[in-house]
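*Asks:* Residue numbers (this note's numbering): 5 to 289.
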């Protein structure tokens, strides 16, 4: 009994000592997965779909393709392989739309900044110039700036309205523009026109250089996609032949599909990682 009491006392003292001397583990700054999906949908400009809806569509598409291939090929391993590929289709489509939207907006931001500079030079205040973009700005960006104008007229809180504008834009270049305007508003002075002209020139140069690089590296990404798709196209054609289906219905055939799928994923990710330009991150949100 005394040994048990001594053991409990020693354990308690050890836990107290550890709590005092060992520094607490810092909390992870990674965002929850649901937030990442919500950000991806916002960057793609898709407002009517939630992360849960995206997940449900992926499961639905994968299930439909699995059942269809199971009926056509009469092979569960082949059907499962195509079902997994199809399940990633909605997410791939959203990511493609997000990249396309970033490229489109990158070409429009210099025009937006030029309109801002013209409004400020004409005597408008910065909030008024931003609100005018809802009428005179590019069509793709009018709605967020219209909401900004309505929000500012309702509240009069410029910085809070800027935060909501940044969320509505969901664009890395937009984050830089908004933060530049925030800094100009805080500092004040007569250098706003010079700041906007410098920002416009920088955005044009950045868009031109990135467009050239994307054109040059596009063949690498397309080659990676073709190399990954080719074996599965062949597998789809072979699934129409009974002798090939019988081979894949064995344990060895299942192993071939699993290893081939893993190799395709690794090879594709590696080729895209090597060939693709670094994606702009929203570090200023």
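C-beta: ideal position from N, C-alpha, C; glycine also.
Quantities reported herein were computed from a predicted structural model and do not represent experimental measurements.
Report the rounded CA-to-CA distance for residue 150 versus residue 267, giving the unit in angstroms.
*Replies:* Going by the C-alpha atoms only, they are around 48 Å apart.
*Asks:* Does the distance from the C-beta atom of residue 88 to that of residue 123 stay below 8 Å?
*Replies:* Against a cut-off of 8 Å, the Cβ pair of residue 123 and residue 88 comes out as no contact.
*Asks:* Alpha carbon to alpha carbon, how far is residue 248 from residue 276?
*Replies:* One C-alpha to the other measures close to 31 Å.
*Asks:* Please classify residue 126: does DSSP put it in a helix, a strand, or coil?
*Replies:* Residue state, collapsed to three classes: coil.
*Asks:* For the region 102-112 and the region 197-204, state whether three or more C-beta atom pairs, one from each stretch, are separated by less than 8 Å.
*Replies:* With a cut-off of 8 Å, the region 197-204 and the region 102-112 do not count as touching, because too few Cβ pairs lie within range.
*Asks:* Which residues mark the beginning and the end of the alpha helix (DSSP H) in which residue 67 is found?
*Replies:* It spans 55-77 - the alpha helix (DSSP H) in which residue 67 sits, taken as one unbroken run.
*Asks:* Whole angstroms is fine: what's the gap from residue 68's alpha carbon to residue 113's?
*Replies:* Those two C-alpha atoms are separated by around 41 Å.
*Asks:* Helix, strand or coil for residue 237, going by three-state DSSP, please let me know.
*Replies:* Helix.
*Asks:* Start and end of the alpha helix (DSSP H) containing residue 184?
*Replies:* 176-191 is the extent of the alpha helix (DSSP H) around residue 184.
*Asks:* From the DSSP output, in three-state form, read off residue 142 for me.
*Replies:* Residue 142 falls in the coil class under three-state DSSP.
*Asks:* Can you give me the Cβ contacts of residue 261 inside the same chain, cut-off strictly under 6 Å, excluding the 5 residues immediately before and after it?
*Replies:* Answer for residue 261: 81, 85, listed in chain order.
*Asks:* By alpha-carbon positions, which one of 54, 72, 253 ends up nearest to residue 94?
*Replies:* Closest option to residue 94, Cα to Cα, is 54.
*Asks:* Judging by CA-CA distance, which residue of 274, 181, 214 is the nearest neighbour of residue 203?
*Replies:* When each option's Cα is compared against that of residue 203, the closest is 181.
*Asks:* Where residue 120 and residue 75 are concerned, what is the direct C-alpha to C-alpha distance, given to the nearest angstrom?
*Replies:* Using only the alpha carbons, I get a separation of about 59 Å.
*Asks:* Enumerate in chain order the residues of its own chain whose CB-to-CB distance from residue 79 is below 7 Å, with the five nearest sequence positions on each side excluded.
*Replies:* Same-chain partners within the cutoff: 243, 249, 252, 253.
*Asks:* In whole angstroms, what is the alpha-carbon distance linking residue 147 and residue 207?
*Replies:* Cα-Cα distance, rounded: 22 Å.
*Asks:* Whole angstroms are fine: how far does the CA of residue 166 sit from the CA of residue 50?
*Replies:* Those two C-alpha atoms are separated by around 21 Å.
*Asks:* If I follow the unbroken alpha helix (DSSP H) through residue 82, where does it start and stop?
*Replies:* Looking at the DSSP string, the run of the alpha helix (DSSP H) that includes residue 82 is 80-91.
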